[in-house]
Amino acid sequence: MAGAPTSTRPEPDRVPAAARPATTRPPVPATWVLKVVMAVTGSIFGVFVVFHLVGNLKVFLGPEEFDAYAHWLQRDLLAPLVPHGWFIWIFRAVLTLSLVAHVWAAVVLRRRARVARGPHRRQGMRTFRSFQARSMLVTGAVLLFFVVFHVLDLTTGTQPAASAEFVHGSAYANLVHSFQRPVVAAFYMLAIGTLFLHLAHGLWSVVNDLGATGRRLRATGAAVAGGVGLLVLVGNLLIPVAVLTGLVS
Amino acid sequence: MKLTLEVWRQRDAASPGAFETYEVADATAEMTLLELLDRLNDQLVEQGREPVAFESDCREGICGCCGVNVDGRPHGPQANTPSCEQHVRSFADGEVVRLEPLRSAAFPVVKDLVVDRSALDRVIQAGGHVAVDAGTAPDADTTRVSYETAEMALDFAACIGCGACVAACPNGSASLFTGAKLTHLAALPQTRQQRGARAVAMVDQMEHDFGPCSTFGECAVVCPAGIPLSAIAAVGKERMRAFLRGRAS
Chain A
1 MAGAPTSTRP EPDRVPAAAR PATTRPPVPA TWVLKVVMAV TGSIFGVFVV FHLVGNLKVF
61 LGPEEFDAYA HWLQRDLLAP LVPHGWFIWI FRAVLTLSLV AHVWAAVVLR RRARVARGPH
121 RRQGMRTFRS FQARSMLVTG AVLLFFVVFH VLDLTTGTQP AASAEFVHGS AYANLVHSFQ
181 RPVVAAFYML AIGTLFLHLA HGLWSVVNDL GATGRRLRAT GAAVAGGVGL LVLVGNLLIP
241 VAVLTGLVS
Chain B
250 MKLTLEVWRQ RDAASPGAFE TYEVADATAE MTLLELLDRL NDQLVEQGRE PVAFESDCRE
310 GICGCCGVNV DGRPHGPQAN TPSCEQHVRS FADGEVVRLE PLRSAAFPVV KDLVVDRSAL
370 DRVIQAGGHV AVDAGTAPDA DTTRVSYETA EMALDFAACI GCGACVAACP NGSASLFTGA
430 KLTHLAALPQ TRQQRGARAV AMVDQMEHDF GPCSTFGECA VVCPAGIPLS AIAAVGKERM
490 RAFLRGRAS
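Protein sequence lines correspond, in order, to chains A and B.
The first sequence begins at 1 in our numbering and counts up by one.
The second sequence begins at 250 in our numbering and counts up by one.
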């Protein structure tokens with residue numbers, strides 16, 4: 001019986017069969033990496049729109065306050081840590097890079113999702129959450145178009161996006177003149193509604209993609225996602241409504 | 250009661266499939282969905298026609314074999330209930346019910362309502378088991394596991410691998426399935442030893458066959474084991490953890 005096995009226990013030096021590399025190669029870049037890119041860049045936009053809202057609401061404090069704030073953003077923020085006027089360009093570079101990364105990751109993921117789904121489309125989905133998730137690409141495209149319009153309208157003052165009365169540096173007057181055009185005000189309100197759909201679901205996805213598994217953390221994340229979405233919706237809607245009703249002029 | 254069934258018939262993976270319409274005149278409210286299919290097959294055999302192929306084994310919701318799309322929804326109209334425990338009483342008398350296989354590019358149709366779910370097995374093969382020498386069974390209480398941890402691990406171990414989460418996902422993602430396994434195995438002392446390596450192996454394998462998660466939440470609605478949505482967050486959590494801390498536990 002020499003050499004017969006005496007134990008069924010595995011040899012200690014045997015290479016474990018498990019936790020072996022995947023039998024087939026994962027996609028490059030990995031899906032989880034793309035999800036992290038979406039989550040991080042999306043969070044940057046989430047923080048941005050909250051601070052943008054704070055600035056927007058200064059419109060109710062009158063033209064002097066609003067224009068002074070706009071000037072501070074453009075010239076003095078972070079000075080003298082960075083030279084005057086630098087912050088705004090650093091900030092624009094970060095936002096632009098985030099936007100490119102966000103859209104790129106979204107397109108790659110969407111293509112993978114479409115391949116994985118196969119030819120048969122899922123039917124019978126009824127929840128609001130599901131509607132938000134399904135419309136992310138559409139709401140994202142609307143927001144992308146809106147961002148371009150918004151920059152042409154109120155940053156560069158390029159016709160015909162901007163109003164005829166656009167003057168560089170007069171942020172308050174530019175905003176009021178822009179929103180006094182009913183079609184433009186309607187488009188802004190549509191964009192704000194779209195932003196709510198995109199942001200509320202996007203932030204909830206951030207909670208999931210960045211690995212929040214704890215019960216309390218998830219509940220907090222869900223509340224923050226919904227709360228930030230609603231805050232940005234209501235806060236921003238006040239402004240075109242105030243201009244259209246003559247409250248701000 | 251009388252039901253009209255539109256059933257997906259497909260000879261094999263290579264052939265194109267199509268819906269065929271049948272009537273079951275003597276369905277009763279207490280019949281399960283599978284018993285309804287049995288009744289239909291009795292009729293078909295009596296008429297000398299080919300019965301509908303579908304998978305079933307335990308018929309009590311623990312094996313994960315059954316699973317068909319009912320009106321586009323995996324398993325059927327009742328939430329968190331496997332096909333074998335869905336009942337005819339969910340349908341109205343005279344209703345038209347559409348039955349088709351679980352839909353996903355990762356699940357090729359074998360025949361009629363039977364799909365090949367090997368893609369899920371490959372995720373388990375990659376790391377859903379213990380591959381270190383765990384020794385003989387330890388004496389009770391030498392390695393303590395808290396009641397909460399044991400219950401949590403059991404809750405996530407409840408996954409029966411039916412594949413409904415994948416079929417429910419408009420992205421064809423297996424995040425709920427993979428996340429359930431990762432959560433369960435990361436919670437217990439023996440399996441925790443390979444936590445990092447397992448996360449890398451399983452997530453890599455999953456990403457090869459399945460799509461990205463977009464937090465639709467549809468998976469958790471149909472899951473017959475009631476796996477919560479936090480499982481999808483575990484995929485990102487475990488994979489990022491492995492990336493940041495290495496492949497050891």
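Heads up, the beta-carbon is just placed ideally off N, CA and C, and yes, glycines get one too.
It should be emphasised that the depicted structure is a prediction, and the values quoted were computed from it without experimental measurement.
Discussion item. For a test of the three-state rule: what should DSSP assign to VAL167(A), helix, strand or coil?
Written reply: Against the first sequence, residue 167(A) aligns to sequence position 167. Reduced to three states, the DSSP call for VAL167(A) is coil.
Practice prompt. Check the DSSP bridge columns for VAL358(B) and list the partner residues they point to.
Written response: As a first step, residue 358(B) must be located in the second sequence, where it is residue number 109. Its beta-bridge partners are VAL364(B).
Practice prompt. With DSSP collapsed to three states, give me the class of ASN318(B).
Written response: The residue you call residue 318(B) lines up with position 69 of the second sequence. Three-state DSSP puts ASN318(B) in a strand.
Fill in: Local Cβ density within 10 Å of CYS314(B), reported as buried at 16 or more and exposed below that
One-based indexing of the second sequence puts residue 314(B) at position 65. Classification of CYS314(B): buried, given that the 10 Å Cβ count is 16 or more.
Worksheet item: Between the Cα of PHE145(A) and the Cα atoms of ILE192(A), GLY118(A), ILE88(A) and HIS168(A), which residue gives the shortest distance?
Response: Position 145 of the first sequence, counting from 1, holds the residue named residue 145(A). For the residues ILE192(A), GLY118(A), ILE88(A) and HIS168(A), the minimum Cα distance to PHE145(A) belongs to ILE192(A).
Worksheet item: From the beta carbon of GLY246(A), is the nearest beta carbon of chain B less than 8 Å away?
Response: Indexing the first sequence from 1 puts residue 246(A) at position 246. Taking Cβ atoms only, chain B never reaches closer than 8 Å to GLY246(A), which makes this a no.
Worksheet item: Is it the case that the Cβ atoms of ARG447(B) and LYS360(B) are separated by a distance below 8 Å?
Response: Numbered from its first residue, the second sequence carries residue 447(B) at position 198. Numbered from its first residue, the second sequence carries residue 360(B) at position 111. Cβ distance not < 8 Å, so ARG447(B) and LYS360(B) don't count as in contact.
Practice prompt. Go through the region 124–202 of chain A residue by residue and report every complete run of the alpha helix (DSSP H) that reaches 4 residues or more, in order.
Written response: 128–134, 136–151 and 171–179
Fill in: CB contact check: MET1(A) to chain B, cutoff 8 Å
Indexing the first sequence from 1 puts residue 1(A) at position 1. Any reading at MET1(A) must be qualified, since the residue scores a pLDDT of 40, below 50, and its modelled position is unreliable; the value itself is stated next. No, MET1(A) lies away from the interface with chain B (no Cβ there is under 8 Å from its Cβ).
Fill in: Residue-chain proximity (ASN236(A), chain B), Cβ-Cβ < 8 Å
Locating residue 236(A) in the first sequence gives position 236, where the first residue counts as 1. False, the Cβ-Cβ gap to chain B never drops below 8 Å.
Worksheet entry | Within the region 21–61 of chain A, ranges of the alpha helix (DSSP H) (whole runs, at least 4 residues) | 31–57
Worksheet item: Can you give the beta carbon distance from THR464(B) to ALA133(A), rounded, assuming they're within the 8 Å contact cut?
Response: Translated into the one-based positions of the second sequence, residue 464(B) becomes position 215. Translated into the one-based positions of the first sequence, residue 133(A) becomes position 133. With 8 Å as the limit, THR464(B) and ALA133(A) qualify as a contact, their Cβ atoms being about 6 Å apart.
Worksheet entry | Contact with chain B by HIS102(A), beta-carbon distance below 8 Å | Counted from its first residue, the first sequence places residue 102(A) at position 102. False, the Cβ-Cβ gap to chain B never drops below 8 Å.
Discussion item. Cutting at 6 Å between CB atoms, please list the residues of its own chain near LYS430(B), excluding the five before and the five after it.
Written reply: Residue 430(B) sits at position 181 when you count from the first residue of the second sequence. Around LYS430(B): GLY377.
Discussion item. When you compare the CB of SER353(B) with every CB in chain A, is at least one pair closer than 8 Å?
Written reply: Taking the first residue of the second sequence as position 1, residue 353(B) is located at position 104. Output row for SER353(B): interface = yes.
Item to complete: Could you have a look at TRP257(B) and say whether DSSP puts it in helix, strand or coil?
Response: Taking the first residue of the second sequence as 1, we reach residue 257(B) at position 8. Reduced to three states, the DSSP call for TRP257(B) is strand.
Worksheet item: Under the three-state reduction of DSSP, which class applies to LEU237(A): helix, strand or coil?
Response: Your numbering for residue 237(A) matches position 237 in the first sequence. Helix at LEU237(A).
Worksheet item: Should PRO16(A) go down as buried or exposed, given a rule of 16 or more other Cβ atoms within 10 Å for buried?
Response: Numbered from 1 along the first sequence, position 16 holds the residue referred to as residue 16(A). Per-residue confidence for PRO16(A) stands at a pLDDT of 46, beneath the threshold of 50, marking its modelled position as unreliable; the derived number appears in the next sentence. Classification of PRO16(A): exposed, given that the 10 Å Cβ count is below 16.
Worksheet entry | Pairwise C-alpha distance: ALA354(B) and LEU493(B) | For the purposes of this step, residue 493(B) is taken as residue 244 along the second sequence, with counting starting at 1. For the purposes of this step, residue 354(B) is taken as residue 105 along the second sequence, with counting starting at 1. Near 32 Å, if we compare the C-alpha coordinates of ALA354(B) and LEU493(B).
Worksheet entry | Own chain residues within Cβ distance below 6 Å of ASP365(B), not counting five before or after | Residue 365(B) sits at position 116 when you count from the first residue of the second sequence. Cβ within range, chain order: PRO357 and VAL359.
Fill in: Reduced DSSP secondary structure (H/G/I, E/B, other) of LEU348(B)
Mapped onto the second sequence, residue 348(B) falls at position 99. It is a strand residue.
Worksheet item: What is the rounded straight-line gap between the Cα of THR31(A) and the Cα of VAL243(A)?
Response: If you number the first sequence from 1, residue 31(A) lands on position 31. If you number the first sequence from 1, residue 243(A) lands on position 243. Taking the straight line joining both Cα atoms gives about 45 Å.
Worksheet item: Going by beta carbon distance, what residues of the same chain come within less than 6 Å of ALA423(B), once the five residues before and after it are set aside?
Response: By 1-based counting over the second sequence, the position of residue 423(B) is 174. Closer than 6 Å at Cβ, skipping near neighbours: VAL415, MET455 and PHE459.
Worksheet item: Do you know offhand how far HIS52(A)'s Cα is from TYR188(A)'s?
Response: Within the first sequence, the letter at position 52 stands for residue 52(A). Within the first sequence, the letter at position 188 stands for residue 188(A). Near 15 Å, if we compare the C-alpha coordinates of TYR188(A) and HIS52(A).
Discussion item. Closest to GLU284(B) by C-alpha separation, out of PHE268(B), GLU400(B), ALA469(B) and VAL337(B), would be which residue?
Written reply: Taking the first residue of the second sequence as 1, we reach residue 284(B) at position 35. Answer by Cα proximity: VAL337(B).
Discussion item. Need the endpoints of the beta strand (DSSP E) that GLU269(B) sits in, please.
Written reply: Here residue 269(B) refers to the residue found at position 20 when the second sequence is read from its first residue. Run containing GLU269(B): 267–273, per the beta strand (DSSP E) assignment.
Worksheet entry | PRO323(B) in three-state terms, based on DSSP | Here residue 323(B) refers to the residue found at position 74 of the second sequence. Correct three-state label for PRO323(B): strand.
Worksheet entry | Classification of TRP204(A) by the beta-carbon crowding that lies within 10 angstroms, buried from 16 upward | Within the first sequence, numbered from 1, the residue matching residue 204(A) stands at position 204. So TRP204(A) ends up on the buried side.
Item to complete: Would you mind reading off the limits of the alpha helix (DSSP H) that contains HIS120(A)?
Response: Your numbering for residue 120(A) matches position 120 in the first sequence. Premise fails: HIS120(A) is in no alpha helix (DSSP H) and is neither H nor E.
Item to complete: Measuring only between beta-carbons, confirm whether LEU197(A) sits less than 8 Å from chain B.
Response: In the first sequence, the residue the question calls residue 197(A) occupies position 197. Taking Cβ atoms only, chain B never reaches closer than 8 Å to LEU197(A), which makes this a no.
Item to complete: Answer with yes or no whether the minimum CB distance from GLU272(B) to chain A is below 8 Å.
Response: Here residue 272(B) refers to the residue found at position 23 when the second sequence is read from its first residue. No, because no Cβ of chain A sits closer than 8 Å to the Cβ of GLU272(B).
Discussion item. Let me make sure I understand the geometry here. Which of PRO27(A), GLY62(A), LEU154(A) and PHE45(A) has the alpha-carbon closest to that of ALA116(A)?
Written reply: Taking the first residue of the first sequence as position 1, residue 116(A) is located at position 116. Out of PRO27(A), GLY62(A), LEU154(A) and PHE45(A), PRO27(A) has the C-alpha closest to the C-alpha of ALA116(A).
Discussion item. Strictly by DSSP, which residues pair up with LEU252(B)?
Written reply: Locating residue 252(B) in the second sequence gives position 3, where the first residue counts as 1. Paired residues: VAL273(B).
Worksheet entry | Span separating the alpha-carbon of PHE166(A) from that of ALA173(A) | In the first sequence, counting from the first residue as 1, residue 166(A) sits at position 166. In the first sequence, counting from the first residue as 1, residue 173(A) sits at position 173. So the alpha carbons of these two residues sit roughly 8 Å apart.
Worksheet item: With burial defined as no fewer than 16 other Cβ atoms inside 10 Å of the residue's Cβ, what is the status of ARG371(B): buried or exposed?
Response: Taking the second sequence and counting its residues from 1, the one referred to as residue 371(B) is at position 122. That one is buried.
Worksheet item: Closer than 8 Å, CB to CB, is HIS150(A) near chain B or not?
Response: Position 150 of the first sequence, counting from 1, holds the residue named residue 150(A). No, HIS150(A) lies away from the interface with chain B (no Cβ there is under 8 Å from its Cβ).
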